[in-house]
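J.: Sharing a structure below in structure tokens format, with a few things to ask.
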Amino acid sequence: MTRSTKGGQKGARYAILVLDMLDDFVNGKLKCARAKRIIPNIKVLLEEARKKGVPVFYCNDEHLPIDTYEMKLWGPHAMKGTRGAQVIKELAPAKSDYIVPKRTYSAFDGTGLERALKGIYGGKGADTVVITGLHTNICDRHTAYDAFVRGLNIVVAEDGVEAFTEQDHLSGLEYMKQVYGAQVKKVSEIAKKL
Ligand code: ZN
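Numbering-wise, the working numbering comes out as the position in the sequence shown, counting from 1, plus 5.
Printed below as a string of structure tokens:
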């Protein structure tokens with residue numbers, strides 16, 4: 006695979022990922038007060054992406070009761086078919102957006118995301134993923150790992166991701182930067198480059 010551009014630069018083939026901006030994660034079972042502040046930022050990014058024809062992928066937890074690995078640790082959350090598993094109304098997907106249900110932390114794990122990313126841009130595929138959503142140190146980080154090992158460039162929206170605590174948020178950003186070479190940028194900066 007050859008790539009003439011690096012992520013974050015003009016000419017990159019972007020895909021925007023929105024992770025777990027679901028009712029249970031923002032308002033419900035795993036309520037996160039800090040998630041509120043990123044909603045308007047993600048909204049700005051998504052509007053810009055749709056305007057420019059950059060594909061948007063909602064990667065949403067949709068658990069089954071047999072997902073005991075997570076049930077034991079977090080309790081039931083974003084259970085398939087429940088309101089808690091729905092994207093919050095402020096960020097409701099547009100018709101042109103893709104929905105990727107997932108059952109683990111990573112949006113790539115057992116989902117069709119990789120295939121979908123390869124199919125966009127007329128089959129050339131995306132070369133850069135922009136990570137937004139929850140949580141910086143959990144699903145964002147695990148998704149970044151899977152993007153990294155697939156050779157994708159990673160941009161993390163600094164003000165478009167959040168975690169339960171400031172420390173979790175900052176450590177997640179730092180980890181993705183150091184270990185996966187992620188570029189950490191503000192939404193305003195990313196939106197301009199799309
Ligand atoms: Zn989960």
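We put the beta carbon where it would ideally sit given N, CA and C, even for glycine.
Which residues in the same chain have their Cβ closer than 8 Å to the Cβ of I47, if we skip the five residues on either side of it in sequence?
T.: The answer, listed in chain order, is V23, M26, L96, T137, G138, A162, G165, V192.
J.: Could you tell me which of R18, A99, A17, P45 sits nearest to E167, measuring between CA atoms?
T.: Nearest of R18, A99, A17, P45 to E167, Cα basis: P45.
J.: Below 8 Å on the Cβ atoms is my guess for C64 versus K107; work out the distance and round it to an integer in Å.
T.: The pair is a contact, with the Cβ atoms about 6 Å apart (cut-off 8 Å).
J.: Does ligand 1 have even one heavy atom less than 8 Å from the beta-carbon of Y110?
T.: Yes, ligand 1 has a heavy atom inside 8 Å of this Cβ.
J.: I believe Y19 touches T133 by the beta-carbon criterion, under 8 Å. Please report the beta-carbon distance rounded to the nearest angstrom.
T.: Confirmed, Cβ separation roughly 5 Å.
J.: Are the beta-carbon atoms of V105 and A99 separated by less than 9 Å?
T.: Contact flag unset, no.
J.: CB of H147 to nearest heavy atom of ligand 1: below 8 Å?
T.: Outside the cutoff, so no.
J.: Can you name, in chain order, every residue of its own chain whose Cβ lies under 7 Å from the Cβ of K129, other than the five neighbours on each side?
T.: So the qualifying residues of the chain are R18.
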